[in-house]
Each structure stands twice: as structure tokens, then as C-alpha cells.
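Step one of this worksheet: look at the structure below.
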Amino acid sequence: MTGRDATPPNGAGGRNERPGIPEDARRRHAARLRDVPRMTDPRDFTQFEEWSLVSDQVMGGVSTGTLVVERIDGRDALRMRGGVRLENDGGFLQMARDLTPDGTDFDASGHTGVEIEVIGNGESYNVHLRTADVEKSWQSYRATFDAPARWTTLRFPFDAFSPHRIEAPFDAAHLRRIGLVAIGRAFHADLALGSLRFY
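Numbering of the sequence shown is given in full-length UniProt numbering, commencing with residue 1 and proceeding in unit increments.
And the structure:
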């Protein structure tokens with residue numbers, strides 16, 4: 001994967017930041033964000049400016065990373081890069097977004113699952129979904145994938161998501177947040193998102 005250097009999810013708990021770059025660079029990237037075509041499909045949640053980086057630092061962890069918009073292999077993408085470290089019971093970086101502007105429920109019950117277009121470094125990552133039943137930062141519904149070396153479309157049917165430390169069954173009618181997460185082991189994260197939608 002090519003591109004410039006790309007920093008921490010609310011899905012796993014952690015410090016929640018808009019892409020963590022210096023102010024002058026932030027203005028440049030903001031200008032680029034305005035040039036990215038806006039999606040009108042209500043199933044589409046690609047809009048890069050709505051995503052933010054969350055790390056384990058809020059709970060004492062030391063994982064660090066960056067989140068920036070880049071042109072990768074001919075297309076605009078949101079790229080998360082950084083080091084996942086396990087010290088102090090940490091161990092994650094995440095790019096995440098709410099599914100509604102006010103954080104209320106999004107009804108995806110008419111859809112089959114989540115579709116993402118991604119490129120990365122071959123490491124394993126998670127897709128995390130949070131519903132209205134999720135009350136703790138460590139709770140979520142999770143699916144795992146290996147990041148491909150070329151742009152690839154991956155589909156995750158809702159029944160592929162496993163509950164993590166939560167007993168409530170998954171409810172697609174009350175989704176609130178989604179994240180792409182580097183978690184659970186010490187490694188270098190490098191993952192770029194080209195699009196995300198429900199199918």
C-alpha cells in the first residue's frame with residue numbers, strides 16, 4: 001500500500017479525536033475533505049469527515065496512531081496507521097463513527113450486513129458494531145478480517161457478528177456506532193477505508 005503517513009474508537013473505549021494532525025495540516029486535509037464527493041445513498045457511511053480516531057490512552061494505554069485522508073492506488077481513502085501496544089492493559093486503535101448525527105438509533109433491519117472496501121498490510125482487524133444495548137466501552141458485536149494488499153470489497157452479514165462481553169442478542173434495528181479496529185496484540189496497524197455501506 002502506498003501513501004503518506006497517516007493517529008486513536010468509541011466502540012472499544014478510548015480517547016476520541018478527529019484526525020490527529022497539526023492545525024496547518026488539518027486545514028489542508030479539511031480542504032481535501034470538501035472535495036470528496038458526498039454520498040446521497042442513505043445506506044452509505046463513507047463520509048470521511050464523520051470518522052474519528054480513538055486509542056487506548058484514555059484507559060492508560062500507550063498505543064498511538066494517525067488518521068488522515070490519502071490518495072491510495074487511485075482512490076480517496078481514510079487511512080489509520082500506528083502502533084498497537086499492550087502495556088497498561090491497553091491494546092487498540094480504532095477509526096469509528098456514529099451512525100446518526102445525534103447518536104440515536106439507526107435502523108438497519110432492512111439490510112443483510114455491512115460492506116467495506118479496504119486495503120491494508122495483511123494483518124487481522126475487526127469490524128465492531130454497537131447497538132442501543134451496549135452500555136460499556138468494552139462491549140460490542142465483532143467480526144474479523146485480514147486486510148488485503150489490494151483494494152477489496154468485503155461483506156459481513158449481521159449473523160457473522162459475535163457478541164463480546166454482552167448477553168443481549170444483536171439487534172440491527174438499533175445500531176448506533178461502527179468501527180474498524182486494530183486490537184488485541186502488539187503490531188503495526190495500517191488499514192485504509194475506501195467505502196462503507198449497508199447492503
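Note that the Cβ used here is the ideal one computed from N, Cα and C, for glycine as well. All figures in this text were calculated on a predicted structure; none of them were measured in a lab.
Taken through DSSP and simplified to helix, strand or coil, Val134 comes out as coil. Non-local C-beta neighbours of His128 in its own chain, meaning closer than 6 Å and more than five positions away in sequence, comprise Gly11, Ser140, Arg142, Gly179 and Val181, ordered along the chain. DSSP places Gln94 in the uninterrupted beta strand (DSSP E) bounded by Phe92 to Asp98. A distance below 8 Å separates the beta carbons of Val114 and Phe156.
Annotation: the continuous beta strand (DSSP E) that includes Leu196 extends over Phe187 to Phe198.
A distance of 8 Å or more separates the beta carbons of Asp107 and Ala168. Inclusion of Leu86 and Ser55 in the CB contact set at 8 Å is not warranted, their separation being larger than that value.
Closest by C-alpha distance to Gly82, out of Thr104, Gly194, Ala189 and Val62, is Ala189.
Here Val84 is near Ala186, since their CB atoms are less than 8 Å apart. Within the DSSP secondary-structure output, Ala182 pairs in a beta bridge with Leu93. Take Gly60, set aside five residues on each side of it, and the residues of its chain with a beta-carbon closer than 8 Å to its own are Asn88, Asp89 and Gly90, in chain order. The C-beta separation of Leu191 from Ala160 comes to about 19 Å, leaving the pair out of contact by the 8 Å criterion. Secondary structure note for Ala143: its beta strand (DSSP E) is the uninterrupted segment Ser140 to Asp146.
Distances from the CA of Asn126 to each of Tyr199, Arg150 and Leu193 were compared; the closest alpha carbon is that of Leu193. Within the same chain, and ignoring the five residues on either side of Val134 in sequence, the residues whose Cβ sits closer than 7 Å to its Cβ are Ser140 and Ile166.
Looking from the CA of Thr131, the closest CA among Thr100, Arg79 and Phe170 belongs to Phe170. Closest by C-alpha distance to Ser124, out of Ile183, Phe48 and Phe198, is Ile183. With fewer than 16 other beta carbons inside 10 angstroms of its own, Thr100 counts as exposed.
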